Each structure stands twice: as structure tokens, then as C-alpha cells.
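Notes for the one structure printed next.
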Amino acid sequence: MTSVAVRHHPWSTSSASSVCSVSDEDIKKVEDFDEIFDLSELMGVDLGGLDEIEDMKERLQMHLRKNENGDIKAVITDAMVDTHKDDSQKREKIRQILGDCRRTLAAFDRAEKPGQKGKRGSQAIEDLLKTEGAAKGFEIDFKEQISSIQKGECVIVVSGETSAGKSSVLNLLFEKEVLPVHHNSCTSVITRISYGEEYRSTVIMNSGEVKTFTDPDRIKEDLWKMIYVKDEAGRDMVSEIQEVNMKIPAAILKCGIVFVDSPGIGENEAMDSVIANYVEENEIMGFMYVIKSDNSGGVEEDRLISLVKLILEKQNKKAEEGMMPFNPQSAIFVCNRWDLVSRDQSGMVYANAVSLLQDCWPGLQEEQVIRFSTFRAEMEQKLDKEYITNEYKALLNSIREIYTKAAHRRIESTYRWIERVLARSVHHLKTMVKRLDSTDKSMEKEMTHTYEKLKHLKQNSSAVLAELNTKVQEKYTMLCDEFRTEFIKPGTRVALTQWIKSETPEVENGQTWVDIKEAINIRISKRISDEMIRWEKETGHFQSIEDMVVNDIKLQLRFLQDEVEKIENEIQNNGPTTPDIVYTGRRRLTLGNPQQMVKVVLDSKTQDIQMPVRLASQMTPPVTSFMKKVRQSMLWDQSEKKLQIYKDDPCKVVKGRAEKLLNLLLSHGKNDDILFQYISSWMNRPVLYLELIEKNIPALIDANEQLLDHVAVCRVDAKESRALYEEMMEGLDMLKVHLTQYGQGHIFVDDFVNDQIHIQQDIRLGITASLKVSDMILNSSSYREVNR
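Position 291 of the sequence shown, counting from 1, maps to 291 under full-length UniProt numbering, and the rest follow consecutively.
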């Protein structure tokens, strides 16, 4: 063995206490092996198993951090437990406010008296809130809100690419081999892993039978055989198991995090249905996706996009029912097996991975993508449990970030709901009390005038909506013309119609011409989609036009919202009478400083996130009319003779179909042509904002008309009604004070300075994924059918 000469450095001394004098800067300055070995000997650190200076320096730095800070993983997990304790206290306080609010409203529940017209008390307020969309019904809403806020779990769904090492990453986090890491083993069912003082696994069968395992050795021997499959036949079969719940004493789970090990998406219908059902029925707070980095930074985009689409669609469906939707920013992407990426290629590989992920994931930030080596992390842990690599530390901090965000969002969501109910209830109560004070003559005159203004506003909103719809259609047409110009270019046509045999689908045993034709359509439409994406990335026209349209719609929405506010203030006699609203059809709105972009106040559940290009192109657009045109154009030939023709010359067949398909895309029509449908489906945000105007503005107007009708009915027993609503208003005002104090202490907001109208934004905005040319060609459902 070659000996290493020890040179003397400022930090080099025989004293053991001198290790403390070594700084992180000293380690960073080391440039050759001699120096690193000298320093490791001085610090008493074994560099075995390492070949590169950078890895050796990191181990020395880990040793230094260990001496200075202790166990970093313990520090992070302890901080998460502290967050959990704080969150529990906050949730309990807001649960109490929910209970107080529920009891206060229940105290003013008045049954209808014989001969009495209309409801009174909280029932009348409930009907008004239901009309304007602020509530589904007090009993239903309070049950849902209390149930949601009582949950302390943070569910993180974990998925990954084939052979990416998903189980290895989870086992590292759990500090024990909880999941099998055998090559080609595949999760066949949903496995929930949460904290427990002892190991315990419960298997829930589809039949209703429940099996329990408490012996860790039995878990490995028997349970793994039940939930993990290796052969293709096993993967295609629907499992007899509904769900597996594992409880383990892992520090990272102590705060309430639940990792859900899910089957891979896109392998077969059986496994797809497992994850689809789980995502639809449960609240997902976070997402972790493990990538096989030694695939040159490649990402299995089709699988990832299928999973994104599934999560967003299923969660948005629940969001429409009032639940908090999944937040795309609460996701991390673990580029595992980073030790197999050569150091000189690592920058390029990472940049490529980030770029591909940004094309697939809404609002992705670079810090959500983590370089990671389970091999390195495990090696360091075996040497010393307190050696935490920089990559491992980044992963732990990212998980902590997801947990912290999830805890805050859950509380803020409940807070915003209470805020909205109280603000709208108090508005209606103030109106009732003040109007019941008026004389019959003055009230009749004022109400007639207000009814007229509400009627004008409803007409105005319809006119605004019609004009905006026309503008959106014009932008769609303009983009269609630009796309057609691009498709006519010789280079684009060649890219779409030239094929080599390896790019065409292979005919497998048992396949018919219908199967092959479907596979051909998929590949052709993928190329069309890729060309559109390339054009958009080069020009950015689509995104810029969408932004412009959305901002214009937001401006109009804000104008209508302000007009409703003015009328509501007038109803309450809080402000001067506003002039009648007349829509000219050419009105251009200017609010405040014209150079300042006006933003609509978004509901806490709304995330106005622009879809990345590739994701936007790969979601489900309308295709019914397209398939009809394909059949009419003779592409749809059921003859099995086609299969033999394809076998003889696949390139010729695919080229012919591609050319016919391209001609269909280039054909001009009215608003039913294929390209127009694609653009209108892709440009999703404007559609959702228009739906927002169409749904919410008339609902607010109707609620105010209903409010005036109720005031007129209450004139019969004005004194009694006024006393009831005044007492009710005082009770809710006290709740507003308590909620404001809670918000200032825990959410840092002060929302009741004035009684603003908060139009409830559609929670799908920005997180309902937009759409794909490929699927447009193949799918049979329309955009509105899918989204409704």
C-alpha cells in the first residue's frame, strides 16, 4: 500500500481537539487526494468506498455538520413534529369557531308560523347563501368543514418510473426495509404507510375480509407476496385486495405524514383503476415522483402526464363539491440513481430533466427537482447514522415544505369559508335591519329603483359575457390561421408524413386492423402534437394570447363585481346612489391606475396557474366531430385486408394516413373544424373565467333580488323581524371579531376591514389540465362533458 506524506497545514496538529478548528471553508479549498487524505486522518473520518474528491469532501462536511449540529434528520423530523403540534392547536381553535358559528346560526332557526309568508331567521339567510353559491346548506357545510379540519394527516402519493428505485427511497426515509426492492417487483395495490408505535399491517380485501400482520418477519414473508407482483399476467389482473394500511415507528411519519405507495400509471387498466379510485376518494396533499436519472435525464412523459391528468381531474371533481383541491406546487421530483450519472454530464442531465418536467407539471420550479442517490445516502447512513448527504437533506427539507404548506392550506381554506359565510350573512342582515327601518313609501320607491338597477346589471353582465365570448372566438380563429400557416410549410409536412419502419407499430399476435389503426392514429397525432408544441415554444404566441385574453376577462369581471358592490351598498344605504348602469357594447373599462394590472381577489382554493405547453397539449379534448370526419373521409375501413397491406409496407400505410389526417387539420370550416376545437380546448383558462362570470354574477344579482323580496315579506311583522335580525347580526358580528383575531394571529390577515364581496372563483382555474391533439384525435368525449 502506498503511503501518503502528511504535509503541515494551519489546521494540522496532533491534538484531537484540533478537529474543531477545521472549518467548512478548509474542506472546500482541498484540491488533491493527498490533502483530502491528510484532512480525513486529522478528523478521524474513514473515506472507504469513495473514489472522487467531491464525494470525499462531502463526507468530511457531513462529519463536521454532525459535530456542530447533531443528527440533521432528527432536527428536521422534530421540527415537523413541532409544526404538527402547532397545527393541532390551530385546527382545534378554528374548529371551535366553526362550532360557535354553527350554534349561533342554529339559535336563530325559526319555524314558519301558520299563515306566515316566507322563512325567517337563519333559514332565510341559508336560502340566500345557497342562491348566491356561498353555501350548499348549513348542516351539510358545517359537517364537511368540521370533518376536514379535524384531519391531521398529510397524504403524499408516491409514484415513479420503472426501476427508478421508489421503494429504496421510501425505505431510506423509514430507516428500515418496509417495502421490497427486488428487481421488477411492482406495487399492485394502494399501500398507506403511517406512524404507529409498533409494526402493524392491515389488509382490506374487496370481499370485506380484513387480515392483520404484526410480526415484521411475517410482513416480509407473507404480505409482500400478496401486494407485489413481478410477472406481466399478475399485473393485468385486478387484485383481490382493496387497500393495505401499514403502521411503522418511523420518525418522519410522527408528524402525521402518510405516504401512499401507488401502482404505476399507464401499465394496464387494472392498475390504473386502483390509483384512479384512490385519488378520487381521498384528499391528496402532496406528490412525490421518482425518476430514473441514468436514462440521460429522460422522463417517461406519457406516464407522468397520465398521472398528472388523473390527479387533477379527480381532485378537481371533488373541488367542485367544495373540498380543497390538490396543489401542483406541493410536489417533488426525485432524480434517483444520480450516482450513475457521470459528473461531466450531470449539469446537462439535470437541465434536461427540469425542462421535460416543466413541460409536464403546472408551475414547476427548479427547486422541486432534486438530484438524489439512494446508494450514496444508504452508504453514508451505514457508516454513521448522522451522516446525511446534501441530496438527502434537500429531500427531507422538501418533504417538510410540503407538510408545512399542506397544514397551512387546510386551515386557511376553512378560515376563508367561515369568512365568506359571515361576510355575506352580515350583508344580508344589515340590509334587512336598515330596510325594515324605512317608511313604507320611501322603501317602495327605493326598492323599485334598486330592482331596476339589478335588472340593468343582469343585462349588462349578459352583454359583457357575449362580447368576451366573441373576442375569445376571434382569438381562437386567429391562432388556427397561424397553426395552418405552420403546417403548410414543407419542413413541417415532412416531419409529419415521413416514417421509418422502427417508428411504426408492430403487429402482435391476436391484433386486428382496428387495433393497429388505433396505434397508428396515436403515433401520428403525437407527431402533430409535437409540431404544435415546437411552434409554440419558438413563438410563445399561444401563451401570450391566452394571458392577454385572461387579463381582459379579469378586468371585466372586476368591473361587474364592483357594480354589484355598489348596488349592495345602496341597498344597505351605506353610500351614495350610483347612476343607472347602461351597457353600450363599446365600453372600455379603466379601474384606478390604467397601467396597473387589476387582479381579481381569488378564492383560497383557486390557483391561477398556466398549464405548461406539453401538458396542455396532452389532455383530453373534444373529438366526436373529428372521428365523424375520419369515417366520412374513408380512413375508417374495417376491412381486414388492410392489416395485410400494412404488414407488407407499414411505412406507406402510415404515411398515407398521416397525409389524409394533415389535410383534415388544414381544411377550413366554421367553428366545428378540428383545429378550432383543439385551440378552444387548449385555451382553457379563458373558458373557466367566462364560466365564472356566467355562474356567479347572475347568482349574486338573484340573491339580492331575493333579499329585497324577503324584506317586503317581513314588513308584515316588521318590528318582530327587525328585532330578530338585529340580534342575529350582533351574534355574527361577535363571531367576525373572533375570526379576525384568529386570522391576525395564525394567518396574518385582516379581512373584515370592510365588507367586500368575494366572488367565489372556480377552483378548477389553472389546475384543471388543458388538452391534447393526440387525444383529440382518439377520444370520444367533449371538453365540456369532461370538465362537467
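Backbone N, C-alpha and C define an ideal beta-carbon position, used for all residues, glycine too.
If you're wondering where the values come from, they're calculated on a predicted model, not measured in any experiment.
Limits of the beta strand (DSSP E) - the one that residue i falls within
i	result
D261	257 to 261
M205	200 to 205
M246	241 to 248
R534	From DSSP, R534 is part of no beta strand (DSSP E) but of the alpha helix (DSSP H) over 513 to 539.
Y289	286 to 292
Contacting residues, own chain, Cβ-Cβ under 8 Å from residue i (five flanking each side not counted)
i	result
R110	K119, R120, G121, S122, Q123, L724
N663	none
T374	G165, S168, V169, L172, N336, R337
K382	none
I204	V210, I241, Q242, E243, V244, N245
A79	R400
Closer than 8 Å to chain D by CB, residue i
i	result
E419	Going by chain labels, chain D is absent from the structure shown, which holds only one protein chain.
Pair within 8 Å by beta-carbon distance, residue i and residue j
i	j	result
I370	A394	yes
V189	V258	no
A718	L436	yes
G196	K151	no
I553	P686	yes
T477	E486	no
I36	K57	yes
V244	G160	no
I418	L661	no
R424	L129	yes
K117	V713	yes
M288	R410	no
L675	C480	yes
A406	M285	yes
E126	F138	yes
P650	T512	no
V274	K314	no
L555	S461	no
Nonlocal neighbours in the same chain, by C-beta distance under 6 Å from residue i, ignoring five residues either side
i	result
L340	D294
E366	V354
M348	none
R484	L666
F213	S201, I219, L223
M62	Y387
E132	A699, L700, A703
G44	none
M447	L708
Residues near residue i by beta carbon distance below 7 Å, same chain, minus five either side
i	result
L179	S167, L170, N171, D261
R95	I146, I149, Q150
T104	G731, L732, L735
Start and end residues, alpha helix (DSSP H) containing residue i
i	result
M734	718 to 746
V653	650 to 666
E488	For clarity, residue 488 is Ile in the given sequence; the question names Glu instead. Residues 440 to 488.
L253	No alpha helix (DSSP H) contains L253, which DSSP labels as neither H nor E.
R59	53 to 69
N573	Taken as a continuous stretch (DSSP letters only), N573 belongs to no alpha helix (DSSP H), as it is neither H nor E.
K225	224 to 227
S163	No alpha helix (DSSP H) contains S163, which DSSP labels as neither H nor E.
Where residue i sits in the DSSP three-state scheme
i	result
R685	helix
V210	strand
S194	strand
S23	coil
I500	coil
T492	helix
M43	helix
E419	helix
N569	helix
residue 790	Because the chain here runs from 1 to 788, residue 790 falls outside it and cannot be looked at.
L50	coil
M432	helix
E31	coil
N509	coil
W636	The predicted position of W636 is uncertain, since its pLDDT is 48 and thus under 50; no value can be drawn from it.
H758	Unreliable positioning characterises H758 in this predicted model, as indicated by a pLDDT of 40, which lies under 50. A coordinate reading is not provided.
Residue i Cβ short of 7 Å to the ligand ZN heavy atom set
i	result
H427	Ligands are entirely absent from the displayed structure, and the ligand ZN is therefore not among its contents.
Whole alpha helix (DSSP H) elements within the segment 85 to 159, 4-residue minimum: The qualifying runs are 122 to 132, 138 to 150.
To test your reading of the DSSP string, which unbroken alpha helix (DSSP H) runs of 4 or more residues are found completely within the segment 327 to 368? With a minimum length of 4 residues, the continuous alpha helix (DSSP H) runs that stay inside the segment 327 to 368 are 346 to 360.
What runs of the alpha helix (DSSP H), each 4 residues or longer, lie entirely inside the segment 365 to 394? Taking only runs of at least 4 residues, the alpha helix (DSSP H) segments lying wholly in the segment 365 to 394 are 374 to 383.
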